[in-house]
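Taking it in order: structure first as structure tokens, then the write-up.
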Amino acid sequence: MQKTPNKPLLAASLCCGLAALAHAGCILFGADWYRFFGAGEQMAQLAAQGHWYPTVVTSAITFVLLLWACYALSAAGVMRRLPLTRLAVVLISSILLLRGLAFVWLMPLFPGNSLRFWLVSSGICLLMSTLFAVGSWQQWPKLSAKTAAAA
Numbered sequence: 032m033q034k035t036p037n038k039p040l041l042a043a044s045l046c047c048g049l050a051a052l053a054h055a056g057c058i059l060f061g062a063d064w065y066r067f068f069g070a071g072e073q074m075a076q077l078a079a080q081g082h083w084y085p086t087v088v089t090s091a092i093t094f095v096l097l098l099w100a101c102y103a104l105s106a107a108g109v110m111r112r113l114p115l116t117r118l119a120v121v122l123i124s125s126i127l128l129l130r131g132l133a134f135v136w137l138m139p140l141f142p143g144n145s146l147r148f149w150l151v152s153s154g155i156c157l158l159m160s161t162l163f164a165v166g167s168w169q170q171w172p173k174l175s176a177k178t179a180a181a182a
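Okay, so the sequence shown: first residue is 32 according to this note's numbering, each after it adds one.
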């Protein structure tokens, strides 16, 4: 554990945790939350009908976000080193960057999602990608394989 945790990675973890909470809220509070967050009327209607699909998809997203939060905390030096932390933070940053930039090509695949959803979620993904990238760059020497083995 580090004396001074990496602030960008702490912020990335917080963002992931808040996003996971928002997704969990959709599962718990149903159709109105899906509508509020712009997930599309089809998802909202399926949630209102008690269909399994929104719960499974949103649960998977929630799980991934919580896993990413843990990797950010691990890379920040706040918790014990997780396996493949160095690779994970690079992949997470890359995935978030791709998601943030590719929304124009993703929009036709999810026609029910609002433009607000795409703009806000893509902006959040770009912010999170930046936090992961900057934090990882700052931590890179501490995330080396030799250091991880000693930790």
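Where a beta carbon is used, it is the ideal one built from N, C-alpha and C, also for glycine.
Chain-order list of residues whose beta-carbon lies under 6 Å from that of residue i (same chain, five-residue window excluded)
i      : result
Ala51  : Thr93, Leu96 and Leu97
Ala180 : Reliability fails at Ala180, whose pLDDT of 49 lies under 50, so the model's placement of it is uncertain and the value that follows must be treated cautiously. The answer is none, since no qualifying residue turns up.
Of the listed residues the options, nearest to residue i (C-alpha basis)
i      : options                         : result
Gln80  : Gly61, Trp136, Thr89 and Ser160 : Gly61
Thr174 : Leu59, Pro114 and Gly131        : The question names Thr, but residue 174 in the sequence shown is Leu. Comparing Cα positions, the closest option is Pro114.
Gln33  : Leu59, Ala106 and Ser145        : Ala106
Gly154 : Cys47, Ala75, Gly131 and Asn144 : Gly131
Phe163 : Gly71, Arg112, Ala70 and Ala103 : Ala103
Pro142 : Trp64, Gly48 and Gly71          : Gly71
Leu49  : Ala78, Gln73, Cys101 and Leu118 : Cys101
Classification of residue i by the beta-carbon crowding that lies within 10 angstroms, buried from 16 upward
i      : result
His82  : exposed
Leu129 : exposed
Trp99  : buried
Pro85  : buried
Thr35  : exposed
Leu151 : Reading the sequence as shown, one finds Val at residue 151 and not Leu. Per the 10 Å Cβ criterion, exposed.
Trp136 : exposed
Trp171 : exposed
Phe67  : exposed
7 Å CB neighbourhood of residue i in its chain, flanking five on each side removed
i      : result
Ala55  : Thr93
Ser90  : Ile58
Trp149 : Phe134 and Met138
The ligand SAH heavy atom lying under 7 Å from the CB of residue i
i     : result
Met32 : Judged by which ligands are present, the structure shown has none, so any question about the ligand SAH falls away.
Chain D within 8 Å of residue i, Cβ atoms only
i      : result
Ser105 : Looking at the structure shown, chain D is missing, and only one protein chain is on hand.
Discussion item. Below 8 Å, how does it come out for the segment 32-43 and the segment 165-172: are there three or more Cβ pairs, yes or no?
Written reply: yes
Discussion item. Quick check: the segment 153-160 against the segment 119-137, are at least 3 beta-carbon pairs closer than 8 Å?
Written reply: yes
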